[in-house]
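To start, the structure itself, in structure tokens.
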Amino acid sequence: MVIKDLIDDVAARARLTKKDAEAAINSVFAGITEGLTTDGKVLISGFGIFEVKETKARRGVNPSNGDKINIPASKRVTFRVSSTLKDAIKGEK
């Protein structure tokens, strides 16, 4: 599913115009982004947890030439799926 399909689905389920559904979805994404940047974590009950994790600096190898390189510390977003969503995907609930 791509964002256009999601907008169409939300519009149909909530009986909204596509424009209103797109605005709602964009607001949800903006809220998740804000939560991650300010709190580092967003919990959506029954869905999962988005969380900012810090990675340590490390040594790596450039795959194109084999040179050793320093990879700086950075941040990444992880997602842990809830058991409710896991069960839904498995078809158990």
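If you're matching positions, the sequence shown starts at 34 in our numbering and goes up one per residue.
A virtual CB, placed ideally from N, CA and C, is assigned to each residue, including glycine.
As the structure is a computational prediction, the values presented were derived from the model and not from experiment.
- In this chain, the alpha helix (DSSP H) harbouring Gly-64 covers 51 to 71.
- Look at the segment 62 to 125 and you find these whole runs of alpha helix (DSSP H), each 4 residues long or longer: 116 to 123.
- Sixteen is the threshold: when 16 or more other Cβ atoms of the shown chains lie within 10 Å of the Cβ of Ala-54, as they do, the residue is buried.
- In this structure the segment 56 to 76 does not lie against the segment 89 to 103, because fewer than three pairs of beta carbons, one per stretch, are closer than 8 Å.
- DSSP, reduced to helix, strand and coil, places Val-35 outside both helices and strands of the structure shown, so it counts as coil.
- The segment 44 to 60 and the segment 73 to 85 do not touch, with fewer than three beta-carbon pairs separated by less than 8 Å.
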